[in-house]
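Visitor:
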Amino acid sequence: MDKLKMMSRDVVGGNVHKIAALFPQCVTERLDKEGKPELAIDFDKLRAELSNEVLDEGEERYQFTWPDKRAASRLANTPTTQTLRPCREESVDFDNTQNLYIEGDNLDVLKVLRETYLGKVKMIYIDPPYNTGNDFVYNDDFAQGKGDFEAQSGLFDNEGNQTVDPMQRNIESNGRFHTDWLNMIYPRLKVARDFLTEDGVIFISMDDNEAKNLKAVCDEIFGSQNFLAQVVWERAYSPINLMKHFSPSHDYILVYAKNQELAECKGIPRSQEANDRYANPDNDERGVWKPSDLSVGPAVEANIYQITTPSGRIVEPPAGRSWSLSKKAFFERLQDNRIWFGPNGDSVPCMKRFLSELRKTGITPMTIWKYTEVDHSQGATQKLAKLFDGKKYFDYPKPVELLKRCAALYSSDDCIVMDFFSGSGTFAHAIMELNAEDGGKRKFILVQAAEKMENPSNVTLHFDTIPQFAEERIRRAGRKVKEEAGIMAQDLDIGFRVLKLDSSNMEDVYYTPDDFNANNLFTLADNIKPDRTSEDLLFQVMLDLGIELSAKIEKTEIAGKEVWCVDGGYLMACFDREVNEATITEIAKQKPVYFVMRDASAANDNVLDNFDQLFANYSPDTTCKIL
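According to this note's numbering, the residues represented by the sequence shown are 10 to 636, in order.
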């Protein structure tokens with residue numbers, strides 16, 4: 010029986026093993042700070058292996074950098090021992106929903122979730138701080154593993170004490186104005202990339218303040234070859250005359266794929282107006298079509314030839330252009346009745362494009378999104394206020410229609426989508442509406458830090474934090490969506506499990522592997538914090554084993570002990586004390602893939618003596634672990 014590691018994935022260690030697989034001669038051993046051997050990279054040998062491809066020190070190269078960039082990069086790879094604790098009282102339909110709402114610093118949350126949701130999220134949308142000088146940025150701890158920290162980050166004094174609040178306004182007078190913002194966004198995007206499926210896509214809202222830097226960061230993390238678009242969203246429809254020079258009317262949405270070769274755009278749903286452009290004046294049995302220009306430029310010499318219309322008129326391509334088809338291909342299309350010469354047979358020929366033969370049902374999106382299509386900031390504010398009896402709690406949230414378009418373009422009907430700067434919860438609202446409209450079963454994961462809520466003076470409901478407001482917004486929006494959709498939304502999931510980031514369930518004192526043996530495995534002092542519930546422990550186990558946090562959870566009683574059954578028996582866990590042979594036997598008979606119990610759980614020595622044999626008899630393939 011092994012002990013659960015209770016820590017997020019060691020990305021650096023994983024990279025060392027990858028290098029070792031490619032260049033085993035470049036890997037050596039050294040003693041860590043605790044005097045135990047560990048693998049390490051011999052960079053001198055690695056440089057020799059790549060000597061023709063390695064830049065010399067001081068050699069000029071193109072690069073994008075800023076103070077603390079190395080620390081920000083390392084921060085993304087630093088493991089965390091934090092965990093997520095369930096909060097049933099704030100959840101909606103906790104036992105059945107597939108949706109998650111997580112409260113906590115999104116970098117730590119992403120690290121906690123990374124192993125479980127690695128390569129599983131089809132689409133991400135985020136609306137991070139724009140760095141206007143008035144919004145909050147995260148002051149991350151740049152301490153690197155085992156007590157080391159980067160003093161040059163400016164966040165800590167000489168003793169390692171944090172000198173600023175975890176979140177503060179990044180004012181323009183700050184000499185680290187852009188640096189602080191880049192330090193915030195870089196590790197979060199670096200970790201977020203790991204969540205995307207191979208055909209996954211991320212949408213990031215931004216304004217002019219950091220648009221240039223954001224694109225440079227994304228080019229580095231996702232690869233410039235995976236840039237899909239920089240969408241211009243018309244967020245305002247009237248000028249602000251108080252502005253000295255220009256009145257901004259747009260924001261940007263940067264769109265990147267994990268692998269653009271695999272990403273598939275569904276397109277914007279076709280409107281009746283778009284379909285009305287198709288007609289069938291010649292009663293073609295293939296249905297309605299619209300004409301397409303047969304000439305292209307610049308001219309290809311081989312495709313310049315004369316065409317005789319049915320009326321006898323001879324036509325040639327315009328100057329500087331040629332026909333898009335070779336002469337042979339043209340006559341093949343002509344014989345197949347795909348060339349149109351106008352109702353009188355005297356017009357310049359064009360190609361017939363049939364609606365029934367379109368490669369995708371949607372319309373390819375353009376990079377300018379008008380407010381008439383996806384709403385504007387003021388409209389979004391008004392619609393959110395309607396959910397709260399006309400009271401305005403948020404200024405300029407993102408429109409539901411805007412986020413629905415993002416999700417509809419690249420998400421599938423049954424996939425996981427994520428927003429880890431979720432604010433007022435618009436993304437959840439959008440996903441529920443989209444699911445109601447197309448019958449999809451998209452599952453959302455929202456993450457939001459516990460920022461303080463600034464309540465207007467004229468409201469009756471008061472919220473201490475943004476998550477409290479967002480949760481209430483999702484509850485109200487879910488009910489509204491289901492009521493308006495009627496029978497079409499009978500199976501619509503409008504629930505969500507609330508989870509909150511917290512310190513590990515384990516005490517700070519850990520036993521080393523050398524402390525464990527067959528005789529004392531269950532007898533060491535309990536290392537679980539006294540305020541943690543069995544369900545708290547269960548969710549940390551799920552994280553450690555990579556089980557999705559939306560998995561079905563059932564609680565049963567076996568031989569008088571509380572037993573948790575997760576995902577139809579994939580995991581069974583018992584955290585009660587005084588666990589006897591009867592309980593162990595019945596659990597083993599159900600043949601779970603994993604069984605987990607805590608230290609010091611055994612009722613007596615007989616349980617310890619017979620534990621391995623019971624599982625060997627009834628379920629030899631079960632992996633048993635302890636907390």
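Heads up, the beta-carbon is just placed ideally off N, CA and C, and yes, glycines get one too.
1) Leaving out five residues before and five after asparagine 24 in sequence, what residues of the same chain have Cβ atoms less than 7 angstroms from its Cβ?
2) Alpha carbon to alpha carbon, what distance is there between glutamate 270 and phenylalanine 158?
3) So if DSSP puts alanine 582 in a beta bridge, which residue, or which two residues, is it bridged to?
4) Of the choices Ile249, Ser365, Cys633 and Trp378, whose alpha-carbon is the least far from that of glycine 296?
5) By Cβ distance, which residues of its chain are closer than 6 angstroms to glutamate 460, with the 5 residues on each side in sequence left out?
6) Measuring only the C-alpha atoms, how far is glycine 434 from leucine 119?
7) Assuming phenylalanine 212 and tyrosine 134 make a contact with CB atoms under 8 angstroms, what is their CB distance in whole Å?
8) With a CB to CB cut of under 6 angstroms and the five nearest residues on each side skipped, what residues in its chain are close to threonine 594?
9) Rank Met215, Asp545 and Ile313 by C-alpha distance to the C-alpha of glutamate 325 and give the top, closest one.
10) Look at the alpha carbon of tyrosine 402 and the alpha carbon of valine 468, and state the distance between them as a whole number of angstroms.
11) Taking the straight line between their C-alpha atoms, what separation do you get for proline 601 and glutamate 563?
12) What whole-angstrom Cβ distance do proline 643 and lysine 361 have, given they're in contact under 8 angstroms?
13) Using the three-state DSSP reduction, which class does alanine 238 fall into: helix, strand or coil?
14) Is the number of C-beta pairs between the stretch 208-227 and the stretch 254-269 that are closer than 8 angstroms three or more?
15) Which two residues bound the contiguous beta strand (DSSP E) that contains tyrosine 134?
16) Pop quiz: leucine 48 and alanine 29 are said to be a contact at Cβ under 8 angstroms. What is the actual Cβ separation, rounded to whole angstroms?
17) Applying the criterion that 16 or more other CB atoms from any shown protein chain within 10 Å of the CB defines a buried residue, is proline 406 buried or exposed?
18) Closest to isoleucine 50 by C-alpha separation, out of Lys27, Ala81 and Lys224, would be which residue?
19) Among all the DSSP beta bridges, which residues are the ones paired with alanine 288?
20) Quick check on this structure: which residue in Gly555, Ile567, Pro374 and Val409 has the alpha carbon closest to the alpha carbon of threonine 390?
21) Can you list, in chain order, the residues of its chain with a C-beta nearer than 7 angstroms to that of proline 248? Leave out the 5 residues immediately preceding and following it.
22) Kindly indicate which three-state DSSP category glutamine 457 falls into: helix, strand or coil?
23) Using 8 angstroms as the threshold, is the C-beta distance between arginine 482 and leucine 558 below it?
24) Is it the case that the stretch 344-353 contacts the stretch 190-207, given that we only count it when at least three CB pairs across the two stretches are under 8 angstroms?
25) Leaving out five residues before and five after aspartate 293 in sequence, what residues of the same chain have Cβ atoms less than 8 angstroms from its Cβ?
26) Among the candidates Ser304, Glu516, Ala80 and Thr592, whose CA atom is the shortest distance from the CA of asparagine 615?
27) How many angstroms separate the CA atom of tyrosine 520 from the CA atom of aspartate 608?
28) I'd like the ranges of any beta strand (DSSP E) spanning at least 3 consecutive residues and lying wholly in the stretch 465-521.
29) Taking only the alpha-carbon atoms, compute the straight-line gap between asparagine 619 and leucine 127 and give it to the nearest angstrom.
30) Spatial neighbours of threonine 632 within its chain, please: CB distance less than 6 angstroms, with the 5 preceding and 5 following residues excluded, ordered by chain position.
31) Report the start-end ranges of each alpha helix (DSSP H) in the stretch 340-409 that is 4 residues or longer and not cut off at the edges.
32) Which parts of the stretch 211-283 are runs of the beta strand (DSSP E), unbroken and 3 residues or longer, counting only runs that do not cross its ends?
33) Just checking my contact of glycine 449 with aspartate 423 at CB under 8 angstroms: how many whole Å lie between their CB atoms?
34) Between Phe52, Gly44 and Lys45, which lies nearest to proline 33 when the distance is taken from Cα to Cα?
35) By the DSSP assignment, the beta strand (DSSP E) with proline 196 in it spans what residues?
36) Go to arginine 79, then tell me how far its alpha helix (DSSP H) extends in each direction, as first and last residue.
Guide: Let me spell this out:
1) Position 15 of the sequence shown, counted from the first residue, corresponds to residue 24. Taken in chain order, the list of residues that qualify is empty.
2) Locating residue 158 in the sequence shown gives position 149, counting from the first residue. Locating residue 270 in the sequence shown gives position 261, counting from the first residue. Bear in mind that the predicted position of phenylalanine 158 carries a pLDDT of just 33, short of 50, making it too unreliable to give a figure here.
3) One-based indexing of the sequence shown puts residue 582 at position 573. Answer is Trp573 and Val605, bridged to alanine 582.
4) In the sequence shown, counting from the first residue as 1, residue 296 sits at position 287. Nearest option by C-alpha distance: Ser365.
5) Indexing the sequence shown from 1 puts residue 460 at position 451. Taken in chain order, the residues that qualify are Ile475.
6) Within the sequence shown, numbered from 1, the residue matching residue 434 stands at position 425. Within the sequence shown, numbered from 1, the residue matching residue 119 stands at position 110. Rounded to whole angstroms, glycine 434 to leucine 119 spans 18 angstroms at the Cα level.
7) Taking the sequence shown and counting its residues from 1, one reaches residue 212 at position 203. Taking the sequence shown and counting its residues from 1, one reaches residue 134 at position 125. Contact check for phenylalanine 212 and tyrosine 134: beta-carbon distance about 5 angstroms, within the 8 angstroms limit, so the pair qualifies.
8) Taking the sequence shown and counting its residues from 1, the one referred to as residue 594 is at position 585. For threonine 594, where only same-chain residues beyond five positions count, the Cβ hits under 6 angstroms are Leu623.
9) Here residue 325 is taken as the residue at index 316 of the sequence shown, counted from 1. For glutamate 325, the nearest C-alpha among the options comes from Ile313.
10) One-based indexing of the sequence shown puts residue 402 at position 393. One-based indexing of the sequence shown puts residue 468 at position 459. For tyrosine 402 and valine 468, the distance between alpha carbons rounds to 8 angstroms.
11) Within the sequence shown, numbered from 1, the residue matching residue 601 stands at position 592. Within the sequence shown, numbered from 1, the residue matching residue 563 stands at position 554. So the two alpha carbons sit approximately 14 angstroms from each other.
12) In the structure as shown, the chain begins at 10 and stops at 636. Residue 643 is therefore absent and cannot be evaluated.
13) As a working note, residue 238 is residue 229 in the sequence shown. For alanine 238, the three-state secondary structure derived from DSSP is strand.
14) The stretch 208-227 vs the stretch 254-269: in contact.
15) Taking the sequence shown and counting its residues from 1, one reaches residue 134 at position 125. That run of the beta strand (DSSP E) goes 130-135.
16) Numbered from 1 along the sequence shown, position 39 holds the residue referred to as residue 48. Numbered from 1 along the sequence shown, position 20 holds the residue referred to as residue 29. Leucine 48 to alanine 29, Cβ: 7 angstroms. Contact.
17) In the sequence shown, residue 406 corresponds to position 397, counting from 1. Buried.
18) For this step, residue 50 is matched to residue 41 along the sequence shown. For the residues Lys27, Ala81 and Lys224, the minimum Cα distance to isoleucine 50 belongs to Lys27.
19) For the purposes of this step, residue 288 is taken as residue 279 along the sequence shown, with counting starting at 1. Under the DSSP definition of a beta bridge, alanine 288 partners with Trp298.
20) For this step, residue 390 is matched to residue 381 along the sequence shown. Of Gly555, Ile567, Pro374 and Val409, the residue nearest in Cα terms is Val409.
21) As a first step, residue 248 must be located in the sequence shown, where it is residue number 239. Closer than 7 angstroms at Cβ, skipping near neighbours: Ser256.
22) The count along the sequence shown starts at 1 and reaches residue 457 at position 448. Three-state result, glutamine 457: strand.
23) Translated into positions along the sequence shown, residue 482 becomes position 473. Translated into positions along the sequence shown, residue 558 becomes position 549. Not a contact, by the Cβ cut-off of 8 angstroms.
24) Cβ pair count under 8 angstroms is below three, so no.
25) Taking the sequence shown and counting its residues from 1, the one referred to as residue 293 is at position 284. Hits under 8 angstroms: Asn346, Lys361 and Phe363.
26) Along the sequence shown, one-based indexing puts residue 615 at 606. The candidate whose alpha carbon is nearest that of asparagine 615 is Thr592.
27) As a first step, residue 520 is located in the sequence shown; it is residue number 511 there, counting from the start. As a first step, residue 608 is located in the sequence shown; it is residue number 599 there, counting from the start. The predicted position of tyrosine 520 is uncertain, since its pLDDT is 47 and thus under 50; a value taken from the coordinates is nonetheless stated next. So the alpha carbons of these two residues sit roughly 11 angstroms apart.
28) Runs of the beta strand (DSSP E) inside the stretch 465-521: 506-511.
29) For this step, residue 619 is matched to residue 610 along the sequence shown. For this step, residue 127 is matched to residue 118 along the sequence shown. C-alpha separation (whole angstroms): 37 angstroms.
30) For the purposes of this step, residue 632 is taken as the residue at position 623 of the sequence shown. Around threonine 632: Tyr603.
31) Runs of the alpha helix (DSSP H) lying entirely within the stretch 340-409, each at least 4 residues long, are 380-383 and 386-396 in chain order.
32) 236-243 and 259-266
33) Counted from its first residue, the sequence shown places residue 449 at position 440. Counted from its first residue, the sequence shown places residue 423 at position 414. Indeed, because the Cβ distance is near 7 angstroms, the residues count as touching under 8 angstroms.
34) Reading the sequence shown from its first residue, position 24 is the one you call residue 33. Considering only alpha carbons, the answer is Phe52.
35) For the purposes of this step, residue 196 is taken as residue 187 along the sequence shown, with counting starting at 1. Premise fails: proline 196 lies in the alpha helix (DSSP H), 186-204, not in any beta strand (DSSP E).
36) Reading the sequence shown from its first residue, position 70 is the one you call residue 79. Per DSSP, arginine 79 belongs to the alpha helix (DSSP H) from 78-86.
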